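To start, the structure under review is shown below, and the notes come after it.
Here it is in structure tokens:
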């Protein structure tokens, strides 16, 4: 298949592009390089620099068998300060791209969504029937795209899979996790261990969780990449899919810090800080639907495996 991967110079996009190539697909890797890194893009992919919302550019690339769409702003806290930029980037650009894809006859879109669409939930684990209630414009932007794709699928315009993944983490040798700015717990903790930052801030210790810190479901990036590839095939049988991607196991911030200290053999300097806006107390996935429909199993997503792989890749950054 010929597959368009947007945001292909990012952490998850580049890992998924690599996976697609490994199983024999042709990949066109699209990225603006505003936040992505050209070095992340696999050499075997055809790289195009540009905005995903540039309809003329998308049409010039011709028809694809599928598009996996990662390109987006991802910082919930920043979205609270600048909501307009998230709706312009994550929503408007996405639908400009989708319109162009429909015009070229591209039949399938796999969308990188997020557990941020759920907001605070009382019962864990969260399944796909739970009500959505985003706590940030970032989460709202993801939900708006999901809903738009679902309407288009219902009207026969395309086939769409929205993959709501929880906390992407870990690394592969070729694709370490790094963002600018970095906002994710494990790379921030590893930076603190290596002396690249003075301390690791822990935002909130008064949540209604076991140790007072936020609880998250961490999923290895290689398992996420595998699920995206499988979702393309699943759209042969399904028109409109919404699936959680996670492990079903939650870890608190302090548990992650303990794991980082155990794996690295070094202390993580910590500074306690107030809660951030837009952070739910707990987010743990029910992944039974993804297991059934995608015939998918997370193989590398224990917390020890995730931190071990992240540590191995992070030291060379």
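In my numbering, the protein residues as written are 32 to 348. Virtual Cβ for every residue (Gly too), placed ideally from N, Cα, C. In this text, all values refer to a predicted model and were calculated from it rather than measured experimentally.
Opposing strand residues paired with residue i [DSSP bridges]
{"i": "residue 63", "result": "Paired residue(s): none; residue 63 is not in a bridge."}
{"i": "residue 275", "result": "195"}
{"i": "residue 173", "result": "Partner(s): none; residue 173 has no beta bridge."}
{"i": "residue 347", "result": "Residue 347 pairs with nothing; no bridge assigned."}
{"i": "residue 157", "result": "316"}
{"i": "residue 238", "result": "The partner list for residue 238 (beta bridge, DSSP) is empty, contrary to what the question assumes."}
{"i": "residue 200", "result": "251"}
{"i": "residue 190", "result": "139"}
{"i": "residue 57", "result": "33"}
{"i": "residue 72", "result": "Beta-bridge pairing links residue 72 to no other residue."}
Supposed close pair residue i, residue j - CB separation, criterion 8 Å
{"i": "residue 304", "j": "residue 232", "result": "5 Å"}
{"i": "residue 84", "j": "residue 127", "result": "4 Å"}
{"i": "residue 73", "j": "residue 110", "result": "Rounded, the Cβ-Cβ distance is 30 Å, inconsistent with contact."}
{"i": "residue 235", "j": "residue 310", "result": "7 Å"}
N- and C-terminal bounds of the beta strand (DSSP E) containing residue i
{"i": "residue 167", "result": "Neither: residue 167 is in no beta strand (DSSP E) and is coded neither H nor E."}
{"i": "residue 52", "result": "No beta strand (DSSP E) contains residue 52, which is instead part of the alpha helix (DSSP H) from 42–53."}
{"i": "residue 302", "result": "301–304"}
{"i": "residue 253", "result": "Note, residue 253: premise wrong, no beta strand (DSSP E); alpha helix (DSSP H) at 252–265."}
{"i": "residue 320", "result": "Per DSSP, residue 320 belongs to no beta strand (DSSP E); it is in the alpha helix (DSSP H), 319–325."}
{"i": "residue 332", "result": "Taken as a continuous stretch (DSSP letters only), residue 332 belongs to no beta strand (DSSP E), as it is neither H nor E."}
{"i": "residue 35", "result": "33–37"}
{"i": "residue 77", "result": "77–80"}
{"i": "residue 142", "result": "139–145"}
{"i": "residue 234", "result": "231–234"}
C-beta atoms of residue i and residue j nearer than 8 Å
{"i": "residue 142", "j": "residue 189", "result": "no"}
{"i": "residue 176", "j": "residue 95", "result": "no"}
{"i": "residue 329", "j": "residue 263", "result": "no"}
{"i": "residue 146", "j": "residue 256", "result": "no"}
{"i": "residue 101", "j": "residue 206", "result": "no"}
{"i": "residue 80", "j": "residue 64", "result": "yes"}
{"i": "residue 295", "j": "residue 332", "result": "no"}
{"i": "residue 86", "j": "residue 131", "result": "yes"}
{"i": "residue 76", "j": "residue 39", "result": "yes"}
{"i": "residue 238", "j": "residue 316", "result": "no"}
{"i": "residue 324", "j": "residue 272", "result": "yes"}
{"i": "residue 290", "j": "residue 335", "result": "yes"}
{"i": "residue 148", "j": "residue 174", "result": "yes"}
{"i": "residue 121", "j": "residue 108", "result": "no"}
{"i": "residue 259", "j": "residue 99", "result": "yes"}
{"i": "residue 241", "j": "residue 282", "result": "no"}
{"i": "residue 158", "j": "residue 66", "result": "no"}
{"i": "residue 274", "j": "residue 321", "result": "yes"}
{"i": "residue 348", "j": "residue 209", "result": "yes"}
{"i": "residue 26", "j": "residue 297", "result": "It is not possible to answer for residue 26, since the shown part of the chain is limited to 32 through 348."}
{"i": "residue 7", "j": "residue 82", "result": "Since the first residue shown for the chain is 32 and the last is 348, residue 7 is missing from the structure and cannot be characterised."}
{"i": "residue 288", "j": "residue 192", "result": "no"}
{"i": "residue 270", "j": "residue 248", "result": "no"}
{"i": "residue 46", "j": "residue 61", "result": "no"}
Host alpha helix (DSSP H) of residue i (start-end)
{"i": "residue 98", "result": "Here residue 98 belongs to no alpha helix (DSSP H); instead the beta strand (DSSP E) covers 97–100."}
{"i": "residue 292", "result": "284–295"}
{"i": "residue 90", "result": "86–91"}
{"i": "residue 219", "result": "216–224"}
{"i": "residue 268", "result": "Here residue 268 belongs to no alpha helix (DSSP H), and DSSP marks it neither H nor E."}
{"i": "residue 208", "result": "It is not in any alpha helix (DSSP H) - residue 208 carries neither H nor E in the DSSP assignment."}
{"i": "residue 115", "result": "114–117"}
{"i": "residue 152", "result": "That residue, residue 152, is in no alpha helix (DSSP H); it is neither H nor E in DSSP."}
{"i": "residue 105", "result": "Unbroken run through residue 105: none, as it is neither H nor E."}
{"i": "residue 130", "result": "124–135"}
Classification of residue i by the beta-carbon crowding that lies within 10 angstroms, buried from 16 upward
{"i": "residue 151", "result": "exposed"}
{"i": "residue 340", "result": "buried"}
{"i": "residue 70", "result": "exposed"}
{"i": "residue 246", "result": "buried"}
{"i": "residue 345", "result": "buried"}
{"i": "residue 55", "result": "exposed"}
{"i": "residue 172", "result": "buried"}
{"i": "residue 338", "result": "buried"}
{"i": "residue 300", "result": "exposed"}
{"i": "residue 59", "result": "buried"}
{"i": "residue 185", "result": "exposed"}
{"i": "residue 268", "result": "exposed"}
{"i": "residue 230", "result": "exposed"}
{"i": "residue 308", "result": "exposed"}
{"i": "residue 50", "result": "buried"}
{"i": "residue 170", "result": "buried"}
{"i": "residue 160", "result": "exposed"}
{"i": "residue 44", "result": "buried"}
{"i": "residue 162", "result": "exposed"}
{"i": "residue 204", "result": "exposed"}
{"i": "residue 136", "result": "exposed"}
Test: residue i CB closer than 8 Å to a CB of chain D
{"i": "residue 324", "result": "Reference to chain D is not applicable here, since this structure consists of a single protein chain."}
Contact test: residue i Cβ vs the ligand ATP heavy atom, cutoff 7 Å
{"i": "residue 271", "result": "Inclusion of the ligand ATP in the displayed structure is not the case, the ligand content being empty and no account of it being possible."}
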